[in-house]
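To start, the structure itself, in structure tokens.
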Amino acid sequence: MLLRKTVLVLSLATAALLASTATATAAPAAPVAAPVNAAAAANPVIVVGGLSGIAIAYEPIAARLRGDGYRTFIYQLPGLGLGDIPTSARAFAGYVNQVRASTGAATVDVVAHSEGGLVARYYLKRLGGTATVGRYVSLGSPQYGTYVANILAFLGLGSCAGIVACQQMTIGSAFLADLNAGDDTPGAVRYTTVRTLQDELVRPTGNAAVNDGATNVLIQAYCPLRVVGHLGLVLDGTAYTIVRGALVDGPVRPNCLAL
Numbered sequence: 001m002l003l004r005k006t007v008l009v010l011s012l013a014t015a016a017l018l019a020s021t022a023t024a025t026a027a028p029a030a031p032v033a034a035p036v037n038a039a040a041a042a043n044p045v046i047v048v049g050g051l052s053g054i055a056i057a058y059e060p061i062a063a064r065l066r067g068d069g070y071r072t073f074i075y076q077l078p079g080l081g082l083g084d085i086p087t088s089a090r091a092f093a094g095y096v097n098q099v100r101a102s103t104g105a106a107t108v109d110v111v112a113h114s115e116g117g118l119v120a121r122y123y124l125k126r127l128g129g130t131a132t133v134g135r136y137v138s139l140g141s142p143q144y145g146t147y148v149a150n151i152l153a154f155l156g157l158g159s160c161a162g163i164v165a166c167q168q169m170t171i172g173s174a175f176l177a178d179l180n181a182g183d184d185t186p187g188a189v190r191y192t193t194v195r196t197l198q199d200e201l202v203r204p205t206g207n208a209a210v211n212d213g214a215t216n217v218l219i220q221a222y223c224p225l226r227v228v229g230h231l232g233l234v235l236d237g238t239a240y241t242i243v244r245g246a247l248v249d250g251p252v253r254p255n256c257l258a259l
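In structure tokens:
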């Protein structure tokens, strides 16, 4: 009963912070392509949510992608991402195949927030996902862990006790030791990470970057006055201009005035 209440509070808190202006979206288990225009020939884009991130919370960034012509899908982590990350990654592998089958695309691009970036990177590194993903963009993902991995504590709900994914995102966890052993960026995938100095959850903020050839973008290195929090990474206009550039293999040129 306690866990059920915790999940409910997490969901409501995330939705309130991220989805105040969002509209409903299709359930991730049955992908339906969004309207397309100029980007119809580009890879479909899968937006991967984070811990406690309900699908509707990612509608704002999905709407931006659709507006730029991308066939866009939102993947909500199983059980709101509270469980084992490798298990979530195996479920994500199946979803990637669903999107490829429904669109006819050989490869997809991934834009992943928070825990979603770890789920997607595990898929790439341990489950053969490099054959089906062209570009990987993470937003505030604790690639090397965080001192404040317990989002429950951040929301005033206690510790990581009993929340497997929360424990796995803590610095020094066995999961992260395995994920970060060897090459951080396997295959021909183009890797981009986006982070912000105001991230309340990924501490130190440099742990949101990866090694071995990724493009690691710190928003404030280009826009020192831009204030973006962890949840704001999927809402912020400047962050989106970095995502958009990464999806076309363009140079890092954030628009510091973007809404």
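The numbering used here puts the first residue of the sequence shown at 1, with every later residue one more than the last.
Built from N, CA and C at the ideal position, the CB exists for glycine as well.
Look at S138 here: in three-state DSSP terms it is strand. Here the alpha carbon of Y58 sits roughly 7 Å from the alpha carbon of G49. CA-to-CA, the gap between L247 and L82 works out to about 29 Å. A direct Cα-Cα distance of roughly 6 Å separates L80 from G53. Beta-bridge analysis with DSSP links H230 to no other residue. For L218, the enclosing beta strand (DSSP E) covers residues 215-218.
In the three-state reduction of the DSSP assignment, Y191 falls in the strand class, which pools E and B. DSSP lists I46 as the beta-bridge partner residues of F73. For H113, the closest of Y70, I74, L176, L257 by C-alpha to C-alpha distance is I74.
With respect to the 8 Å criterion, V189 and T130 are classified as neighbours on the basis of their beta carbons.
Listed in chain order, the non-local C-beta contacts of D212 below 7 Å within the same chain comprise D183, D184, T185, local neighbours out to five positions each way being set aside. Counting every other CB atom within 10 Å of its CB across the protein chains shown gives P251 a total below 16, marking it as exposed. Under a 10 Å Cβ-count criterion, G172 is classified as exposed, with fewer than 16 other Cβ atoms of the shown protein chains found around its own Cβ.
Distance from the CA of R203 to the CA of V217, rounded to the nearest whole angstrom, comes to 16 Å.
In the assembly as shown, R135 is a buried residue. Its beta-carbon has 16 or more other beta-carbons within 10 Å. Counted as a single uninterrupted DSSP element, the alpha helix (DSSP H) harbouring A246 occupies residues 237-247.
DSSP places A208 in no alpha helix (DSSP H); its state is neither H nor E. Annotated three-state conformation of D183 is coil, per DSSP. DSSP places D109 within a strand segment (E or B) once states are collapsed to three. Burial state of V210 is buried, judged by a 10 Å Cβ sphere holding 16 or more other Cβ atoms.
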